[in-house]
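These notes concern the structure reproduced below.
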Amino acid sequence: MIPPLAQLGKTDMLVSRLGYGSMGIRGPRTWGVRVVDDAGADQILNAVLDSGINLIDTSPDYGASEDRIGRFISHRRDEYYLATKCGCVYTQQEDHLQLDHVWNRQVITKNLETSLRRLRCEFVDILQFHGGDAETLKREGLIECLRDLKRSGKVRFIGVSTSLPKLPGMFDLGVFDTYQIPYSLVAPEHASWIQKIGQAGAGVIVRGGIAQGGPDAVIARPAVNDVWQKANLDQWIDGSTSRAELILRYTLSNSDCHSTIVGTCDHRHLAENIAAVAKGPLPPELCNELRQSVAAVLATQ
Ligand SMILES: NC(=O)c1ccc[n+]([C@@H]2O[C@H](COP(=O)([O-])OP(=O)(O)OC[C@H]3O[C@@H](n4cnc5c(N)ncnc54)[C@H](OP(=O)(O)O)[C@@H]3O)[C@@H](O)[C@H]2O)c1
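In short: position in the sequence shown from 1, add 234, done, that's the numbering used here.
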């Protein structure tokens, strides 16, 4: 089963609608989450490519993630599009990475040089501002900085990972090839922006598109579970559909979402997600019912 593909906006990239978010392979001394060792990261990254996923998202401040992508799959670089980020400052503390975002040319240029070295490649397909706001990026000349990096051949397209309330200002800049935005059945706040951006012709990469695994997640997310229960979404689950599958297929029923970069370090989940995506979009009537059930719950919060 190979995941379906979509054109990523006006870029030349035909991306798998199921992408891979590599935050989960960030390794030890990051943020106290489940720790994946080198062997586990090697296996999951290669399994991701073997499954036909061709879009990988990472960031300089995802601990060992970039380094592991470089070490374990850079020999397969022509099999995947690579998106990383910039504006990241991080210092290793005893047991965690201290993260900050700093918006100047020096940080951005240094981020990219470090990323290329760790990723063991000549260029990244997408360099995304890891947050930021339109005023600061303009004031610091950082759009021009990314364009310079594009001209140098080290970056093919420029993007931003953002969310409300900063998203509208970023969109008004009119300069980004791609937008990375949070969205799922239980967290649909950015739905109208996804439509607006997709219809403006830019590429839309969704994060959080499986709602961190939903109620079946190994790491429980109380906010997700609360919406799920109040909206009584279990009524749509039967022996042939898991909760994670319903969430993922809902995300990909949105045709303005070109790819969703789901993170997993579990081979069983990877296989389930590939199988879920192969089933295709949910019926439009079901999407409407789900949307309305969740909207009714969110309206009371
Ligand atoms: N500001 C930013 O730019 C930003 C912020 C956050 C994330 N991101 C990017 O977006 C990516 C995804 O974000 P995310 O990790 O927050 O959201 P996500 O992809 O919705 O959730 C990932 C979680 O879902 C679980 N999962 C995946 N498939 C599952 C299944 N079939 N059943 C049960 N659980 C499943 C995974 O755990 P298992 O390992 O147990 O499968 C993992 O903990 C990140 O890796 C990163 O690349 C960007």
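Just so it is clear, CB atoms sit at the ideal spot from N, CA and C, and this is done for glycine as well.
Fair warning: this is a prediction, and the values are worked out from it, not measured in the lab.
List the residues that DSSP assigns as beta-bridge partners of residue i.
i, result
"residue 395", "364 and 414"
"residue 438", "413"
"residue 319", "362"
"residue 484", "Looking at the DSSP assignment, residue 484 forms no beta bridge with any residue, so it has no partner."
"residue 497", "Partner(s): none; residue 497 has no beta bridge."
"residue 253", "495"
"residue 291", "255 and 317"
"residue 335", "322"
"residue 239", "250"
"residue 389", "358"
"residue 421", "418"
Compute the distance between the beta-carbons of residue i and residue j, then report whether it is under 8 Å.
i, j, result
"residue 297", "residue 264", "yes"
"residue 301", "residue 373", "no"
"residue 290", "residue 320", "no"
"residue 311", "residue 355", "yes"
"residue 501", "residue 259", "no"
"residue 419", "residue 457", "no"
"residue 482", "residue 454", "no"
"residue 257", "residue 308", "no"
"residue 294", "residue 348", "yes"
"residue 411", "residue 245", "yes"
"residue 383", "residue 361", "yes"
"residue 424", "residue 395", "no"
"residue 306", "residue 288", "no"
"residue 431", "residue 409", "no"
"residue 499", "residue 274", "yes"
"residue 584", "residue 368", "Summary: the structure shown does not reach residue 584, with the chain confined to residues 235 through 535, and so no result is reported for it."
"residue 282", "residue 516", "no"
"residue 443", "residue 485", "yes"
"residue 506", "residue 479", "yes"
"residue 335", "residue 322", "yes"
"residue 537", "residue 366", "The question about residue 537 has no answer, for the chain in this structure spans 235 to 535."
Which residues in the same chain have their Cβ closer than 7 Å to the Cβ of residue i, if we skip the five residues on either side of it in sequence?
i, result
"residue 371", "337, 363 and 377"
"residue 247", "315 and 359"
"residue 387", "357"
"residue 477", "448, 449, 450 and 471"
"residue 528", "419, 420, 422, 461 and 465"
"residue 531", "461, 464 and 465"
"residue 255", "291, 441, 495, 496 and 497"
"residue 518", "none"
Excluding five sequence neighbours on each side, which residues of the same chain lie with their C-beta closer than 6 Å to the C-beta of residue i?
i, result
"residue 285", "508"
"residue 525", "none"
"residue 452", "none"
"residue 235", "508 and 512"
"residue 324", "295, 331 and 333"
So, at 8 Å on beta carbons, what are the nonlocal neighbours of residue i in its own chain, with the 5 sequence-adjacent residues on each side left out?
i, result
"residue 428", "415, 417, 438, 440, 488, 490 and 491"
"residue 268", "258, 452, 453 and 499"
"residue 237", "250, 251, 252, 285, 286, 287, 508, 511 and 512"
Using beta carbons (cut-off 8 Å, strictly below), is residue i in contact with chain C?
i, result
"residue 383", "The chain inventory of the structure shown lacks chain C, comprising one protein chain alone."
Task: Quiz: which residues have CB nearer than 6 Å to ligand 1 non-hydrogen atoms - done: Here the list is 255, 256, 257, 258, 291, 364, 395, 414, 441, 442, 443, 444, 445, 446, 447, 450, 451, 452, 453, 478, 495, 496, 497, 498, 499, 500, 503, 506 and 507.
- [ ] Mind the definition here: the segment 485-492 touches the segment 236-251 only if three or more C-beta pairs lie below 8 Å; say whether that holds.
- [x] Enough Cβ pairs lie closer than 8 Å, so yes.
Task: At least 3 beta-carbon pairs within less than 8 Å: the segment 436-445 vs the segment 494-504 - done: In short, these stretches touch, since the Cβ pair count reaches three.
Open item on the list: Under 8 Å, with one C-beta from each stretch per pair, do the segment 389-407 and the segment 458-473 reach the 3-pair mark?
Closed with: Not touching, per the Cβ criterion.
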